[in-house]
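Line by line, the protein sequences are chains A and B.
Each residue of the first sequence is one higher than the last, beginning at 8 in the working numbering.
Each residue of the second sequence is one higher than the last, beginning at 105 in the working numbering.
Glycine included, each C-beta is placed from N, C-alpha and C at the ideal position.
Notes to accompany the following structure.
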Amino acid sequence: MDLDRRKFLKVIGITSLSLAIGKDIKAEDTKVNKEFNGVLYDASRCKGCHGCEYDCSEANSLPEPAIIDEDAPPRKTDETRRTVVNKFETSKGPVFTKIQCMHCNEPACVAACLTQAMYKTPEGAVIWREDKCMGCRYCMISCPFDSPKFEYHSPNPKIEKCSMCFETRISQGEIPACAENCPNDALLFGNRRELISEARRRIYESPDQYIEHIYGEHEAGGTCWLYISPVPFKELGMNTKLQKESYPALTKGFLYSVPSIFVLVPALLLGIQQATKINILPKENEDE
Amino acid sequence: MNKDLTDSIAAERLSVWKFILSEFKPKGKILTPFNVISVPIILVGIILIVIRFWKGIGAVTNLSQEIPWGLWIGFDVVTGVAFAGGAYVLTFMVYILNMRKYHSIVRVTVLNGFLAYLFYAGALLLDLGKPWNVINPVIGNNFGVSSVLFLVAWHFLLYMIAQLIEFSPAIAEWLGARRAHKILSGMTLAAVIFGITLSILHQSGLGALYLMAKEKIHPLWYSEFIPVLFFVSSIFAGLGMVIFEGSISHKVFFKQISDEHHKEQRGIIHGLAKICTATLFVYFFLQLIVFIHGKRWDLINTPMGYWYLVEMLGFVLLPMLLFFYSYRTNNILMIRLASILTMLGVIINRLNVTIIGFRWDIAVHYVPSWMEIVVTLTVLLTEIWIFRWVIRRMPVLWESTIWKKDNPV
Numbered sequence: 008m009d010l011d012r013r014k015f016l017k018v019i020g021i022t023s024l025s026l027a028i029g030k031d032i033k034a035e036d037t038k039v040n041k042e043f044n045g046v047l048y049d050a051s052r053c054k055g056c057h058g059c060e061y062d063c064s065e066a067n068s069l070p071e072p073a074i075i076d077e078d079a080p081p082r083k084t085d086e087t088r089r090t091v092v093n094k095f096e097t098s099k100g101p102v103f104t105k106i107q108c109m110h111c112n113e114p115a116c117v118a119a120c121l122t123q124a125m126y127k128t129p130e131g132a133v134i135w136r137e138d139k140c141m142g143c144r145y146c147m148i149s150c151p152f153d154s155p156k157f158e159y160h161s162p163n164p165k166i167e168k169c170s171m172c173f174e175t176r177i178s179q180g181e182i183p184a185c186a187e188n189c190p191n192d193a194l195l196f197g198n199r200r201e202l203i204s205e206a207r208r209r210i211y212e213s214p215d216q217y218i219e220h221i222y223g224e225h226e227a228g229g230t231c232w233l234y235i236s237p238v239p240f241k242e243l244g245m246n247t248k249l250q251k252e253s254y255p256a257l258t259k260g261f262l263y264s265v266p267s268i269f270v271l272v273p274a275l276l277l278g279i280q281q282a283t284k285i286n287i288l289p290k291e292n293e294d295e
Numbered sequence: 105m106n107k108d109l110t111d112s113i114a115a116e117r118l119s120v121w122k123f124i125l126s127e128f129k130p131k132g133k134i135l136t137p138f139n140v141i142s143v144p145i146i147l148v149g150i151i152l153i154v155i156r157f158w159k160g161i162g163a164v165t166n167l168s169q170e171i172p173w174g175l176w177i178g179f180d181v182v183t184g185v186a187f188a189g190g191a192y193v194l195t196f197m198v199y200i201l202n203m204r205k206y207h208s209i210v211r212v213t214v215l216n217g218f219l220a221y222l223f224y225a226g227a228l229l230l231d232l233g234k235p236w237n238v239i240n241p242v243i244g245n246n247f248g249v250s251s252v253l254f255l256v257a258w259h260f261l262l263y264m265i266a267q268l269i270e271f272s273p274a275i276a277e278w279l280g281a282r283r284a285h286k287i288l289s290g291m292t293l294a295a296v297i298f299g300i301t302l303s304i305l306h307q308s309g310l311g312a313l314y315l316m317a318k319e320k321i322h323p324l325w326y327s328e329f330i331p332v333l334f335f336v337s338s339i340f341a342g343l344g345m346v347i348f349e350g351s352i353s354h355k356v357f358f359k360q361i362s363d364e365h366h367k368e369q370r371g372i373i374h375g376l377a378k379i380c381t382a383t384l385f386v387y388f389f390l391q392l393i394v395f396i397h398g399k400r401w402d403l404i405n406t407p408m409g410y411w412y413l414v415e416m417l418g419f420v421l422l423p424m425l426l427f428f429y430s431y432r433t434n435n436i437l438m439i440r441l442a443s444i445l446t447m448l449g450v451i452i453n454r455l456n457v458t459i460i461g462f463r464w465d466i467a468v469h470y471v472p473s474w475m476e477i478v479v480t481l482t483v484l485l486t487e488i489w490i491f492r493w494v495i496r497r498m499p500v501l502w503e504s505t506i507w508k509k510d511n512p513v
């Protein structure tokens with residue numbers, strides 16, 4: 008028993024030490040204190056020219072978008088296109104919506120990824136890193152917006168999703184291709200905090216033109232991509248049932264219980280084993 | 105140890121490799137119905153696996169961007185691992201609670217569990233887009249520690265090692281390695297304690313995987329208690345499998361089993377039926393609490409609601425009552441029937457969470473392709489082949505008399 012206790016203390020010591028060190032590293036990370044970049048999409052300004060789709064495919068070397076039939080059912084992003092613009096017939100006439108990865112503040116895909124292939128950069132973009140990914144598609148299960156797309160027909164498949172042009176443009180000091188080239192100024196790239204102020208200003212100055220809701224301010228714990236619109240977002244085919252808390256918070260309780268189970272259960276099992284062992288000793292002697 | 109014995113051990117060691125080679129020859133009849141059916145399926149399955157790695161996952165599966173996990177995860181991994189739960193429950197009963205009555209079935213259950221993990225984790229590799237990167241979360245600095253899947257992956261790996269240690273005395277007996285046997289037997293208790301802890305965490309972890317898919321799973325099957333429900337149901341899933349598999353083994357491998365064990369079997373099944381009744385009751389009660397707590401009455405009068413009632417009443421409550429009635433009346437046949445119902449119930453439950461209830465609201469539903477089913481069968485049948493190979497050679501169902509004194513407990 009002595010040895011077991013010593014071992015037990017050793018494990019506790021190592022665990023607490025590693026916990027302490029782990030916390031230190033995390034604390035350093037937050038010291039960077041950068042504010043997230045984001046993009047504000049104004050549905051009342053978008054004229055549906057689909058230029059951003061072409062710019063996106065060019066900037067990310069994806070196949071050029073096929074001819075777009077606006078009366079067909081709304082398209083979705085897939086492994087060949089990171090963004091699409093759809094037309095919706097709404098209570099205020101036709102309104103366009105652009106969809107792409109929302110770049111959550113606390114992304115479910117990043118929490119889900121077991122290899123850190125999905126990564127939230129300090130600048131705000133959520134990127135996918137090919138060399139780390141093992142293709143388990145747990146990010147796709149977890150993402151509330153269904154953003155990551157998978158190449159099902161490739162022996163060496165990739166995950167395709169909007170990266171806010173992080174590697175190709177933001178890291179070089181440029182802004183995302185779609186936001187740079189939008190002819191109607193429907194896309195505004197900037198600091199997320201300032202974008203929310205800007206969105207509020209637009210809603211305040213022309214209350215008839217917008218509904219009073221910034222999609223992405225609180226959805227899924229807040230996203231870097233923000234939307235304002237003249238009609239309720241439900242009419243634009245957007246998911247309005249999302250929770251306000253971040254999605255990784257849903258697994259927090261389970262993950263927090265792991266260390267305590269790891270410490271308590273073995274001790275309990277060893278205790279039960281020792282306690283029940285005595286009952287069978289006389290029996291064993293009888294056998295011999 | 106006297107000189108003769110050491111000599112004989114040295115001679116044995118030399119011939120170990122020869123012995124292993126000779127053991128690869130088939131024992132028993134070759135043209136059995138099982139072989140005739142399984143061999144063509146396995147061959148087709150291997151071709152499909154080659155196509156899958158050549159053309160990509162989409163070439164053989166019906167998976168889509170909305171439904172990225174299908175039969176291979178929902179059935180092979182999530183359901184298969186639940187059925188392998190018998191190993192941790194039985195090792196808990198035998199090594200922790202010292203219930204000697206169940207000792208004779210521990211080895212076969214642990215073997216079953218180990219092979220299940222080995223093959224279902226193997227099936228996981230088929231489903232990975234880049235399986236060569238599977239070592240990333242194990243080595244290197246790519247630890248995604250905030251991921252439930254990270255926890256599950258590590259636990260699979262560690263639990264397989266723990267189970268291998270639990271089973272290793274049988275391998276040592278087979279090879280005649282006396283010293284290794286002594287060392288490995290000494291590690292059993294540690295492996296058992298570690299293994300049970302790992303099992304509690306990853307059985308529930310498989311449920312916790314789906315916690316972030318909050319809006320994607322039908323509300324009747326989604327709750328924050330999925331991990332607890334998965335853990336509790338793995339107990340009777342595992343024991344149901346032990347009863348079921350035990351009944352088959354006792355027919356198929358009749359000669360392998362000593363008379364003593366044949367006599368014990370009735371008592372063992374009877375005891376397991378009691379535990380199943382209790383855990384099924386706990387599970388049913390938990391489901392009821394989740395249902396009432398979540399105020400889900402309005403969901404009952406829908407097609408999915410009826411399906412939920414079928415699962416809860418037909419495959420949880422009914423087998424519970426059957427188990428209860430049959431252990432009171434000592435009706436072994438009815439216990440077997442109840443165990444089959446229980447297992448069907450677990451399959452239905454896991455598929456409801458992972459496939460049937462997952463994105464139940466979208467236009468194009470996922471139905472596995474015939475190729476996915478054949479690959480699943482290939483995994484299953486290959487596992488049975490290996491299981492049979494081991495059973496016929498290693499002291500799993502029988503105890504070798506020479507070794508009896510060395511065996512702990």
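| task | State yes or no: is the C-beta of residue 232 of chain B within less than 8 Å of the C-beta of residue 143 of chain A? | result | yes
| task | State yes or no: is the C-beta of residue 45 of chain A within less than 8 Å of the C-beta of residue 257 of chain A? | result | no
| query | DSSP beta-bridge partners for residue 49 of chain A? | reply | A:235
| Does residue 33 of chain A have its Cβ less than 8 Å from a Cβ in chain B? | Note on residue 33 of chain A: pLDDT 48, under 50, position unreliable in the model; the coordinate value appears next. Closer than 8 Å: no.
| task | For residue 220 of chain A, decide whether its Cβ has a neighbour in chain B, counting only Cβ atoms nearer than 8 Å. | result | no
| Excluding five sequence neighbours on each side, which residues of the same chain lie with their C-beta closer than 6 Å to the C-beta of residue 77 of chain A? | 94
| field | Of the listed residues B:158, B:282 and B:191, nearest to residue 234 of chain B (C-alpha basis) | value | B:158
| field | Amino acids of chain A, ordered along the chain, whose beta-carbon sits closer than 8 Å to that of residue 301 of chain B | value | 268, 269, 272, 273 and 276
| message | Quick check on this structure: which residue in A:146, A:158, A:274 and A:132 has the alpha carbon closest to the alpha carbon of residue 176 of chain A? | response | A:132
| query | Which residue comes first and which comes last in the alpha helix (DSSP H) that contains residue 438 of chain B? | reply | 436 to 455
| query | Can you tell me whether residue 173 of chain B is buried or exposed, with buried defined as 16 or more other CB within 10 angstroms of its CB? | reply | buried
| field | Among A:104, A:178 and A:83, nearest to residue 129 of chain A - alpha-carbon criterion | value | A:178
| message | I'd like the ranges of any beta strand (DSSP E) spanning at least 3 consecutive residues and lying wholly in the region 127 to 178 of chain A. | response | 133 to 135
| said: Cβ closer than 7 Å: which chain B residues qualify as neighbours of residue 3 of chain A? | reply: With chain A running from 8 to 295 in the structure shown, residue 3 of chain A is simply not present.
| Terminal residues of the beta strand (DSSP E) in which residue 302 of chain A lies | Since the displayed chain A opens at 8 and closes at 295, residue 302 of chain A lies outside it and no answer follows.
| request: Taking only the alpha-carbon atoms, compute the straight-line gap between residue 121 of chain A and residue 237 of chain B and give it to the nearest angstrom. | output: 11 Å
| said: Does residue 195 of chain A come out as helix, strand or coil in the three-state DSSP assignment? | reply: strand
| message | Strictly below 7 Å CB to CB, what residues from chain B border residue 121 of chain A? | response | 241, 248, 251, 253, 254 and 257
| field | 9 Å Cβ cut-off: residues of chain B touching residue 85 of chain A | value | 169
| task | Taking residue 248 of chain B and residue 346 of chain B to be in contact with their CB atoms under 8 Å, please state how far apart those CB atoms are, rounded to whole angstroms. | result | Actually they are not in contact, since the Cβ atoms of residue 248 of chain B and residue 346 of chain B sit about 35 Å apart, beyond 8 Å.
| query | In whole angstroms, what is the alpha-carbon distance linking residue 497 of chain B and residue 149 of chain A? | reply | 45 Å
| message | Is there a Cβ of chain A sitting closer than 8 Å to that of residue 157 of chain B, yes or no? | response | yes
| query | Around the C-beta of residue 48 of chain A, are 16 or more other C-beta atoms found within 10 angstroms, so that it is buried, or is it exposed? | reply | buried
| query | Quick one, which residues of the region 127 to 157 of chain A are near chain B if we go by CB-CB under 7 Å, in chain order? | reply | 139, 140, 141, 142, 143, 144, 145, 147, 148, 149, 151, 153, 156 and 157
| Residues bridged to residue 111 of chain A (per DSSP) | A:230
| query | The alpha helix (DSSP H) spanning residue 476 of chain B covers which residue range? | reply | 474 to 497
| said: Rounding to the nearest angstrom, what Cα-Cα distance links residue 193 of chain B and residue 228 of chain A in this structure? | reply: 40 Å
| query | residue 479 of chain B: which of B:357, B:142 and B:470 sits nearest, CA to CA? | reply | B:142
| Which residue spans inside the region 154 to 192 of chain B form an unbroken alpha helix (DSSP H) run of at least 4? | 184 to 187
| Opposite residue 85 of chain A in the DSSP bridges: which residues? | A:88
| query | Does the region 443 to 458 of chain B come within contact of the region 339 to 354 of chain B, defined as at least 3 CB pairs closer than 8 Å? | reply | yes
| Considering only the beta carbon of each residue, do residue 52 of chain A and residue 215 of chain A sit closer than 8 Å? | no
| Which first and last residues belong to the alpha helix (DSSP H) in which residue 355 of chain B is found? | 330 to 356
| request: Would you mind sorting residue 296 of chain A into buried or exposed? The rule is 16 or more other CB atoms within 10 Å of its CB. | output: Residue coverage of chain A in this structure runs from 8 to 295, which leaves residue 296 of chain A outside it and unanswerable.
| request: Give the residues from the region 255 to 267 of chain A that approach chain B closer than 8 Å (Cβ to any Cβ), ordered along the chain. | output: 255, 257, 258, 260, 261, 262 and 265
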